[in-house]
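Those protein sequence lines, which keep their order, are chains A and B.
The opening residue of the first sequence carries number 1 in UniProt numbering; numbering runs sequentially from there.
The opening residue of the second sequence carries number 1 in UniProt numbering; numbering runs sequentially from there.
Heads up, the beta-carbon is just placed ideally off N, CA and C, and yes, glycines get one too.
Here's the structure, in structure tokens; my notes come after.
Protein chains: 2
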Amino acid sequence: MKKVSLKDIATAAGVSTALVSYVLTNKEKEARIGEEMAKKIREIARQLNYQPNHIARSLKSGRSFTIGLIVADISNPFFGNIARTIEDEAKKNNYTVIFGSSDENVDKSQDLIHVLLNRQVDGLIITPTEGSEQQLLQLQSQHVPFVLIDRYFPEIAANHITVNNQEAAFQAVSHLVKAGRKRIGMVAYKTTLQHISERIQGYQAALQQHELPAPASLLKRARYSHLKTDIETAIDGLLKGKHPADALFFATNSLAIEGLKYINTLGIHIPNDLAVITFDEAEALDLFYAPVTFVKQPILDMGKAAVRVLLDQIKDNTTAVSNICIDTTLIVRKSCGSQ
Amino acid sequence: MKKVSLKDIATAAGVSTALVSYVLTNKEKEARIGEEMAKKIREIARQLNYQPNHIARSLKSGRSFTIGLIVADISNPFFGNIARTIEDEAKKNNYTVIFGSSDENVDKSQDLIHVLLNRQVDGLIITPTEGSEQQLLQLQSQHVPFVLIDRYFPEIAANHITVNNQEAAFQAVSHLVKAGRKRIGMVAYKTTLQHISERIQGYQAALQQHELPAPASLLKRARYSHLKTDIETAIDGLLKGKHPADALFFATNSLAIEGLKYINTLGIHIPNDLAVITFDEAEALDLFYAPVTFVKQPILDMGKAAVRVLLDQIKDNTTAVSNICIDTTLIVRKSCGSQ
DNA sequence: TAACAATGCTTTATCGTTTAAGCAAAAGGG
DNA sequence: CCCTTTTGCTTAAACGATAAAGCATTGTTA
Numbered sequence: 001m002k003k004v005s006l007k008d009i010a011t012a013a014g015v016s017t018a019l020v021s022y023v024l025t026n027k028e029k030e031a032r033i034g035e036e037m038a039k040k041i042r043e044i045a046r047q048l049n050y051q052p053n054h055i056a057r058s059l060k061s062g063r064s065f066t067i068g069l070i071v072a073d074i075s076n077p078f079f080g081n082i083a084r085t086i087e088d089e090a091k092k093n094n095y096t097v098i099f100g101s102s103d104e105n106v107d108k109s110q111d112l113i114h115v116l117l118n119r120q121v122d123g124l125i126i127t128p129t130e131g132s133e134q135q136l137l138q139l140q141s142q143h144v145p146f147v148l149i150d151r152y153f154p155e156i157a158a159n160h161i162t163v164n165n166q167e168a169a170f171q172a173v174s175h176l177v178k179a180g181r182k183r184i185g186m187v188a189y190k191t192t193l194q195h196i197s198e199r200i201q202g203y204q205a206a207l208q209q210h211e212l213p214a215p216a217s218l219l220k221r222a223r224y225s226h227l228k229t230d231i232e233t234a235i236d237g238l239l240k241g242k243h244p245a246d247a248l249f250f251a252t253n254s255l256a257i258e259g260l261k262y263i264n265t266l267g268i269h270i271p272n273d274l275a276v277i278t279f280d281e282a283e284a285l286d287l288f289y290a291p292v293t294f295v296k297q298p299i300l301d302m303g304k305a306a307v308r309v310l311l312d313q314i315k316d317n318t319t320a321v322s323n324i325c326i327d328t329t330l331i332v333r334k335s336c337g338s339q
Numbered sequence: 001m002k003k004v005s006l007k008d009i010a011t012a013a014g015v016s017t018a019l020v021s022y023v024l025t026n027k028e029k030e031a032r033i034g035e036e037m038a039k040k041i042r043e044i045a046r047q048l049n050y051q052p053n054h055i056a057r058s059l060k061s062g063r064s065f066t067i068g069l070i071v072a073d074i075s076n077p078f079f080g081n082i083a084r085t086i087e088d089e090a091k092k093n094n095y096t097v098i099f100g101s102s103d104e105n106v107d108k109s110q111d112l113i114h115v116l117l118n119r120q121v122d123g124l125i126i127t128p129t130e131g132s133e134q135q136l137l138q139l140q141s142q143h144v145p146f147v148l149i150d151r152y153f154p155e156i157a158a159n160h161i162t163v164n165n166q167e168a169a170f171q172a173v174s175h176l177v178k179a180g181r182k183r184i185g186m187v188a189y190k191t192t193l194q195h196i197s198e199r200i201q202g203y204q205a206a207l208q209q210h211e212l213p214a215p216a217s218l219l220k221r222a223r224y225s226h227l228k229t230d231i232e233t234a235i236d237g238l239l240k241g242k243h244p245a246d247a248l249f250f251a252t253n254s255l256a257i258e259g260l261k262y263i264n265t266l267g268i269h270i271p272n273d274l275a276v277i278t279f280d281e282a283e284a285l286d287l288f289y290a291p292v293t294f295v296k297q298p299i300l301d302m303g304k305a306a307v308r309v310l311l312d313q314i315k316d317n318t319t320a321v322s323n324i325c326i327d328t329t330l331i332v333r334k335s336c337g338s339q
């Protein structure tokens with residue numbers, strides 16, 4: 001059973017395809033179509049269950065009404081949630097989403113950009129990987145609309161949606177201080193990506209502000225590609241020395257989860273022996289025996305903002321850059337002890 | 001900067017677009033292109049950084065090299081993982097994936113099918129919602145290739161990829177029995193979907209086989225749409241009566257996580273007071289103080305199989321149906337106590 | 001050397017839709 | 001009653017790529 005095209009309707013109605021097109025795209029007024037004929041065509045289209053061919057439309061219009069989404073890993077709930085909000089928001093605007101996971105890998109990222117552009121996406125929403133600056137500059141020179149989310153590069157003037165990382169980290173660490181902790185360690189990713197740097201800066205600023213020790217040994221970094229082993233080394237370094245940390249600040253949920261898994265095996269009790277706080281939520285952190293205090297990112301708002309900024313840019317074909325920063329919320333639970 | 005088309009290359013080389021097309025799709029032999037000319041065209045294409053227009057190709061060929069993926073909710077890691085394996089596998093075959101979340105809602109599912117078909121996807125991979133049988137029959141009558149994953153409808157002869165739900169449930173419950181548990185409860189979704197029914201059947205068969213009590217009161221069902229409240233009611237019913245259950249079998253990870261959150265608040269200790277076992281893995285279940293024994297689904301294999309079956313059907317345009325059932329693995333951890 | 005094949009390219013139609021331009025016929029105006 | 005406007009439709013080109021068919025040359029063979 002072949003798909004029904006404008007031609008089929010035109011034949012059935014004994015008119016030209018142009019007429020049918022005008023009617024079905026509601027251009028009756030501009031194209032001066034007779035009322036009766038419009039009705040007749042609509043009725044035939046309904047009967048034949050006509051569905052417009054999106055591909056043909058895209059070819060003609062040069063727009064695909066498709067957004068390309070590049071995240072680090074769609075199976076990670078943080079990105080899954082971002083993807084979900086973007087999907088919903090795109091749908092409201094009659095856009096669909098093609099996605100790909102870069103695995104924090106520059107080459108995969110480049111490849112994905114290629115694939116998505118060849119699919120003629122109208123724009124991209126990207127959580128950029130470390131070292132992907134060139135790819136973004138390339139996109140700019142090709143005038144491809146795109147929006148960065150979660151991370152960005154200060155030296156690249158591109159749309160981005162972020163959160164107040166530094167301030168949030170500052171507040172999180174301050175919360176630990178108020179809870180009476182003295183030696184506060186941090187576990188971050190080994191990356192130059194901006195969001196992580198900002199969180200580290202917030203951590204350091206808080207320590208300084210409260211006149212707490214801030215030796216380099218209290219700040220540990222793990223590689224994305226060797227998460228488990230690096231985390232274990234980091235935690236050993238933080239908790240097994242002469243002056244073990246009495247609180248830990250994790251830069252992301254994946255770090256916290258992996259870290260807590262290991263801490264569990266050490267027989268260390270949260271929050272008695274160690275206070276814990278992290279960026280991002282996760283079910284695992286809810287179910288933990290001492291539900292973990294965390295910095296809640298406004299994922300819904302971020303996704304909405306990303307789609308809105310992108311579609312605006314696609315529509316207006318402007319080069320004006322939107323940098324949107326949304327506030328986070330500190331959700332206090334048991335993992336930091338009293339307070 | 002406009003995109004480079006075949007025409008641009010043709011103009012630059014002083015030849016027809018047809019010639020360029022033949023060369024760039026490697027049809028030199030069949031089309032008897034001169035070696036030098038082929039070289040020249042390729043060189044020009046490289047210099048101009050030509051990227052084929054996928055949309056135009058799709059229009060001509062009638063194939064979009066795009067798969068539509070409909071899951072219940074992409075932000076749920078189970079589906080996120082499925083999406084990830086499908087994405088990877090599709091990519092290997094030069095396919096891309098458009099996705100949508102149905103939220104276990106029939107209308108959303110119908111809407112998504114519409115949207116994806118209008119986008120001319122070559123086929124669909126679907127985790128069908130309850131009551132979506134008509135939609136699937138409709139797809140069949142339109143000869144749209146599709147593959148069901150995770151769930152299926154016995155009365156509909158369609159490709160599906162599943163696991164040995166009944167047997168896995170049987171073994172899981174038997175494991176509880178071997179661990180000395182006598183009153184084994186189950187928490188499932190309130191749905192007629194096949195995968196849940198099979199897990200319940202496996203549970204019941206195991207109780208019967210081991211001559212354990214199997215009153216209806218030991219089997220509780222929660223609505224997807226009212227998960228939290230229904231779970232709390234269910235668990236109250238199972239644990240607060242005269243004969244409280246000494247073990248619980250959860251039909252999915254979301255049920256287990258929500259259930260354990262509530263159990264945590266009751267001061268019940270796992271596994272001393274209560275043994276727990278569940279279908280599906282989750283980080284939350286790893287990090288739990290008594291890591292939860294679970295039935296591990298072969299998500300990677302399922303995703304691969306789904307893509308393979310779908311692409312085969314798209315290629316061969318056959319109506320032969322593939323029903324693939326893959327075995328699960330029981331991963332034993334602390335939540336069931338001593339063996 | 002005539003007949004035919006092989007070679008190297010162009011022409012043209014097509015996919016389904018959109019839209020500017022064109023063209024009758026009917027309606028309106030002076 | 002002639003000229004202009006309006007109305008209601010059709011024609012045709014275009015988006016970018018593909019591929020069958022066509023058409024000159026050149027090369028081969030009896």
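Open item on the list: 7 Å is my cut-off, CB to CB: does Arg46 (chain B) come that close to chain A?
Closed with: no
- [ ] From the DSSP output, in three-state form, read off Val147 (chain B) for me.
- [x] DSSP places Val147 (chain B) in strand when its eight states are reduced to three.
TODO: Evaluate Ser75 (chain A) with the Cβ neighbour count: other Cβ atoms within 10 Å of its Cβ, from every protein chain shown; 16 or more gives buried, anything less gives exposed.
DONE: buried
Open item on the list: Ala290 (chain B) and Ala284 (chain A) - do their beta-carbons sit closer together than 7 Å?
Closed with: no
Task: Nearest-angstrom Cβ-Cβ length linking Tyr152 (chain A) and Thr252 (chain A), presumed shorter than 8 Å - done: The pair is not a contact, with the Cβ atoms about 16 Å apart (cut-off 8 Å).
TODO: Please classify Tyr224 (chain A): does DSSP put it in a helix, a strand, or coil?
DONE: helix
Task: Given Arg46 (chain A) as reference, the closest of A:Gln208, A:Thr192 and A:Val4 once Cα atoms are compared - done: A:Val4
Task: Near-chain A residues of the stretch 182-196 of chain B - C-beta to any C-beta below 8 Å - done: Across the stretch 182-196 of chain B, no CB contact with chain A closer than 8 Å is found for any residue.
Task: Meets three-Cβ-pair contact criterion under 8 Å: the stretch 231-249 of chain A and the stretch 260-280 of chain A - done: With the cut-off at 8 Å, the stretch 231-249 of chain A and the stretch 260-280 of chain A touch.
Open item on the list: Measuring alpha carbon to alpha carbon, tell me which residue in A:Lys60, A:Leu69 and A:Val147 is nearest Ala305 (chain A).
Closed with: With distances taken between CA atoms, Ala305 (chain A) lies nearest to A:Val147 out of A:Lys60, A:Leu69 and A:Val147.
TODO: Answer with yes or no whether the minimum CB distance from Lys2 (chain B) to chain A is below 7 Å.
DONE: no
TODO: Look at the alpha carbon of Gln339 (chain B) and the alpha carbon of Pro271 (chain B), and state the distance between them as a whole number of angstroms.
DONE: Note on Gln339 (chain B): pLDDT 48, under 50, position unreliable in the model; no value is reported.
Task: For Met186 (chain B), the residue or residues it bridges with in DSSP - done: B:Leu219 and B:Phe249
Task: Residue(s) in a DSSP beta bridge with Ala275 (chain A) - done: A:Ala247
Open item on the list: Can you pull the chain B neighbours of Leu84 (chain A), defined as C-beta to C-beta under 8 Å?
Closed with: Here the sequence assigns Arg to residue 84 (chain A), which means Leu is not the residue at that position. Here the neighbours are Asp73, Ile74, Ser75 and Ser101.
Task: C-beta neighbour in chain B for Thr319 (chain A), strict 7 Å - done: Chain B contact via Cβ: absent.
Task: CB contact below 7 Å: Gly303 (chain B) versus chain A - done: Not a single C-beta of chain A is nearer than 7 Å to the C-beta of Gly303 (chain B).
Task: Where the alpha helix (DSSP H) through Lys2 (chain A) begins and ends - done: Per DSSP, Lys2 (chain A) belongs to no alpha helix (DSSP H) and is neither H nor E.
Task: Neighbour flag for Ile55 (chain B) against chain A, beta carbons, 7 Å - done: Yes, because at least one Cβ of chain A sits closer than 7 Å to the Cβ of Ile55 (chain B).
Task: At least 3 beta-carbon pairs within less than 8 Å: the stretch 43-59 of chain B vs the stretch 65-72 of chain A - done: no
Task: Residue closest to Pro154 (chain B), alpha-carbon to alpha-carbon, out of B:Ser132, B:Pro244 and B:Ala247 - done: B:Ser132
Task: Within the stretch 30-67 of chain B, ranges of the alpha helix (DSSP H) (whole runs, at least 4 residues) - done: With a minimum length of 4 residues, the unbroken runs of alpha helix (DSSP H) contained wholly in the stretch 30-67 of chain B fall at 35-47 and 54-61.
Task: Three-way DSSP call (helix, strand, coil) for Asn118 (chain A) in this model - done: helix
TODO: Have a look at A:Tyr22, A:Val121 and A:Thr25 and flag the residue whose alpha-carbon is nearest the alpha-carbon of Leu310 (chain A).
DONE: A:Val121
Open item on the list: If the cut-off is 7 Å on Cβ atoms, which residues from the stretch 285-312 of chain B count as contacting chain A, listed in chain order?
Closed with: Asp286, Leu287, Phe288 and Tyr289
Open item on the list: Let me see if you follow: with CB-CB separation under 7 Å, is Glu198 (chain A) close to chain B or not?
Closed with: It does not: the Cβ of Glu198 (chain A) has no partner Cβ on chain B nearer than 7 Å.
Task: Proximal residues, the stretch 256-276 of chain B versus chain A, C-beta separation under 8 Å - done: Of all residues in the stretch 256-276 of chain B, Ile257, Leu260, Lys261 and Asn264 have a Cβ within less than 8 Å of some Cβ in chain A.
Open item on the list: Which residues of the stretch 84-98 of chain B have a Cβ closer than 9 Å to any Cβ of chain A? Give them in chain order.
Closed with: Arg84, Thr85, Glu87, Asp88, Lys91, Asn94, Thr96, Val97 and Ile98
Task: Min CB distance Arg119 (chain A) to chain B below 7 Å - done: yes
- [ ] Name, please, each residue of chain B whose Cβ falls closer than 8 Å to the Cβ of Ser64 (chain A).
- [x] Ile55
TODO: To the nearest angstrom, report how far apart Lys182 (chain B) and Leu176 (chain B) are at their CA atoms.
DONE: 8 Å
- [ ] Check each candidate in B:Leu274, B:Lys27, B:Leu112 and B:Ala157 and name the one with the smallest Cα separation from Ala179 (chain B).
- [x] B:Leu274
TODO: Whole angstroms is fine: what's the gap from Asn317 (chain B)'s alpha carbon to Gln135 (chain B)'s?
DONE: When rounded, the distance between both Cα atoms is 20 Å.
Task: Contained beta strand (DSSP E) runs [length at least 3] in the stretch 266-320 of chain B, N- to C-terminal order - done: 275-279 and 293-296
TODO: Starting from the beta carbon of Glu283 (chain A), find every residue of chain B whose beta carbon is closer than 8 Å, and list them in chain order.
DONE: Ile257, Ala282, Glu283 and Ala284
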